[in-house]
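Chemist: Heads up: take any position in the sequence shown, counting from 1, add 1, and you land on the working numbering. Structure in structure tokens, see below.
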Amino acid sequence: MLILELKKYIIEHPRVSLLEITKKFNLSGEQARNMLDPWVERGKLDRFKPTRICGGCKCVNDECLVLSMELYTWK
2 MLILELKKYI
12 IEHPRVSLLE
22 ITKKFNLSGE
32 QARNMLDPWV
42 ERGKLDRFKP
52 TRICGGCKCV
62 NDECLVLSME
72 LYTWK
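Dropping the structure here:
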């Protein structure tokens, strides 16, 4: 079952990125978040969201938002 595989993967890969999860399980970011949200809400999973790493530069396509840095850690 996918949800159990996902849980096992996160436990085995501390601080796994959303990008890694989407690639491993062939999911969109939205699909992965929808599966992870219940665990975050119940306090089983920590989510660390990306922040801007620069100050006022003219980045193209929001490259300053490090989307691969949305990290998840099982508690």
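All residues carry an ideal CB built from backbone N, CA and C; glycine is no exception.
Skipping 5 residues on each side, what residues in its chain have a beta carbon closer than 7 Å to that of T23?
Modeler: Taken in chain order, the residues that qualify are S29, G30 and A33.
Chemist: For V41 and S18, what's the separation of their Cα atoms in angstroms?
Modeler: Approximately 14 Å between the Cα atoms of the pair.
Chemist: Under 7 Å: does the beta carbon of I22 sit that close to some heavy atom of the ligand MN?
Modeler: Here there are no bound small molecules, and the ligand MN is not part of this structure.
Chemist: Who pairs with V17 in a beta bridge, going by DSSP?
Modeler: Answer by DSSP bridge pairing, in chain order: Y73.
Chemist: Could you tell me the distance, in whole angstroms, from the CA atom of L20 to the CA atom of K9?
Modeler: So the alpha carbons of these two residues sit roughly 17 Å apart.
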